[in-house]
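Numbers 597 to 934, taken from the working numbering, label the letters of the sequence shown in order.
Just below is one structure, and these are the notes that go with it.
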Amino acid sequence: MLAVSLSLAAGPARAQGAPAAGSAEPTKPNGGTISDEARRNFRVGVALLEDPDGARYEEAYTAFKAAYVASMSPKILGNLALCAMKIERDNEAIEAYSRYLREAPGITPVERVQIERDLTQLRANLATVSLTVNAARFTVLDRRTRPGAPPIVNTYEGAGNKLDLGLRPGHHELHVRAEGMAEQVFEIELPVSARESRTIELKSAAPALAPVVPEARPRPSLTGPLVVSGAAVALLAAGAVTGIVAVNKTGDIQDQCPRNRCPAGYDLDGARSSARRFVRVTDGLLLGGAVVGVAGVTWLALKLTGSGSAAPAPQTSRFDGGAMCTHQGCAGEVKVSF
Numbered sequence: 597m598l599a600v601s602l603s604l605a606a607g608p609a610r611a612q613g614a615p616a617a618g619s620a621e622p623t624k625p626n627g628g629t630i631s632d633e634a635r636r637n638f639r640v641g642v643a644l645l646e647d648p649d650g651a652r653y654e655e656a657y658t659a660f661k662a663a664y665v666a667s668m669s670p671k672i673l674g675n676l677a678l679c680a681m682k683i684e685r686d687n688e689a690i691e692a693y694s695r696y697l698r699e700a701p702g703i704t705p706v707e708r709v710q711i712e713r714d715l716t717q718l719r720a721n722l723a724t725v726s727l728t729v730n731a732a733r734f735t736v737l738d739r740r741t742r743p744g745a746p747p748i749v750n751t752y753e754g755a756g757n758k759l760d761l762g763l764r765p766g767h768h769e770l771h772v773r774a775e776g777m778a779e780q781v782f783e784i785e786l787p788v789s790a791r792e793s794r795t796i797e798l799k800s801a802a803p804a805l806a807p808v809v810p811e812a813r814p815r816p817s818l819t820g821p822l823v824v825s826g827a828a829v830a831l832l833a834a835g836a837v838t839g840i841v842a843v844n845k846t847g848d849i850q851d852q853c854p855r856n857r858c859p860a861g862y863d864l865d866g867a868r869s870s871a872r873r874f875v876r877v878t879d880g881l882l883l884g885g886a887v888v889g890v891a892g893v894t895w896l897a898l899k900l901t902g903s904g905s906a907a908p909a910p911q912t913s914r915f916d917g918g919a920m921c922t923h924q925g926c927a928g929e930v931k932v933s934f
């Protein structure tokens, strides 16, 4: 396999006349069989590097790394190093290129010289940040900002409280995370070949607050208001009936006694008394129906709207009301207790 090598200038790595990525099938150092999984991942990586829309280095890095883990073939290390360099995982690029030179067979003198030149420049530019974290296992997300370009983001796993990061020179924002701990973020400006160290004391994350669930309120019973409203309708209907009777009786008197002249034997006083009685009953029914109706509608509105506070202990609702008529007129009264 012809490994891809890059010439590096100070700062970000850039390809300078580099040949195409190696696409020869990987083989095991001892001549063993390469698994189908390793071959499949290797082919995926090569296809991603040769994408017509541009090499997809991050995805190719993942594919080549999976192929190498499954096969341990040193022939994959050249492509793996190329991808690691392009996505700024320079420590891994240095390690992969170094092992490629030591272990891969058939490297030509020209290729070896090119890779050694790339390694020299990688090591010269590399900035190191050594982290000591109060967590046995932790994650570091590195975001390097670049003027006029999207940031470069990489994630690293730390174990045993320590992690050495090999980073490109520039401005970095580091997010240190551990399970059950609050994230800590710090920024650092790294010149070429800088060596920095940080001790990170993560604090326990605040316990998540349980969501506040509003207390369930029992659905209000509408029986009382509906009964009262129904009674009001019944009173008004009865008042309408008795009102019609009263009007008819008054009309009979006028028919029997035009201009107050009644025929002999006609009981005018009794007819008038009967008409007045129906008028008073009608007044009482209509007045009582109106009062009871207002009470029922008000009670129903209170039940439906309720209150914003917690529902009090259930209480028995009580309705008291009535209407009456005397020779002085009619009156109604209603009392509703909640």
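Where is the CB? At the ideal position from N, CA and C, for every residue including glycine.
If you're wondering where the values come from, they're calculated on a predicted model, not measured in any experiment.
Let me check understanding here. Comparing Cα to Cα, which of the options lies closest to residue i?
i: S793; options: A802, K799, E783 and A801; result: E783
i: G835; options: Y664, D879 and F638; result: D879
i: G776; options: S789, A802, T795 and D760; result: A802
i: K671; options: L727, G885, E654 and S694; result: S694
i: Q717; options: A700, G756, C679 and R764; result: R764
i: I840; options: R872, R742 and E707; result: R872
i: M681; options: Y657, R857 and E707; result: Y657
i: T724; options: P705, F734, R740 and A790; result: A790
i: T629; options: I703, M668 and K661; result: M668
i: L678; options: V808, D714 and G866; result: D714
i: D848; options: V824, D647, V823 and R868; result: R868
i: A692; options: K661, N856 and S825; result: K661
i: E684; options: A700, T894, P747 and I703; result: P747
i: F638; options: P816, Y664 and R708; result: Y664
i: T795; options: T741, D760 and A659; result: D760
i: T901; options: P701, L818 and S825; result: L818
Does DSSP put residue i in a helix, a strand or coil?
i: D647; result: coil
i: G744; result: coil
i: Y693; result: helix
i: R794; result: strand
i: Y862; result: coil
i: M668; result: coil
i: L761; result: strand
i: E785; result: strand
i: G641; result: helix
i: R773; result: strand
i: S817; result: coil
i: R868; result: helix
i: G835; result: helix
i: T894; result: helix
i: S800; result: strand
i: L751; result: Sequence inspection shows Thr at residue 751; the Leu mentioned does not correspond to that position. Note: T751 maps to strand in three-state DSSP.
i: R876; result: helix
i: S825; result: helix
i: G756; result: coil
i: V843; result: helix
i: G904; result: Interpretation of G904 is limited by its pLDDT of 42, a score under 50 that renders its predicted location unreliable; the figure taken from the coordinates is listed afterwards. Reduced to three states, the DSSP call for G904 is coil.
Could you round the C-beta distance between residue i and residue j to whole angstroms and report it? I think they count as a contact, below 8 Å.
i: V940; j: A842; result: Residue 940 cannot be examined here, being either before or after the span of the chain that is shown, 597 to 934.
i: R935; j: L644; result: Here the chain comprises residues numbered 597 to 934, so residue 935 is not present and cannot be evaluated.
i: G885; j: P821; result: About 15 Å separates the two Cβ atoms, so there is no contact after all.
i: P859; j: Q852; result: 7 Å
i: G762; j: D686; result: 5 Å
i: N730; j: E797; result: 6 Å
i: N675; j: G650; result: 16 Å between Cβ atoms; not a contact.
Are the CB atoms of residue i and residue j nearer to each other than 8 Å?
i: L737; j: H771; result: yes
i: Y696; j: L673; result: yes
i: A828; j: V877; result: no
i: L832; j: L896; result: no
i: V689; j: A666; result: What sits at residue 689 in the sequence shown is Ala, not Val. Against a cut-off of 8 Å, the Cβ pair of A666 and A689 comes out as no contact.
i: L786; j: G754; result: no
i: A575; j: N750; result: Past the edges of the chain, shown from 597 to 934, lies residue 575, and the structure says nothing about it.
i: K845; j: S870; result: yes
i: T735; j: R773; result: yes
i: N721; j: V781; result: no
Please indicate yes or no: does the CB of residue i lie closer than 7 Å to some heavy atom of the ligand GDP?
i: V709; result: No copy of the ligand GDP occurs in the structure displayed, which carries no ligand at all.
*Kindly provide the ranges of any beta strand (DSSP E) runs that are 3 or more residues long and lie completely inside the region 699-740, ordered along the chain.*
723-729
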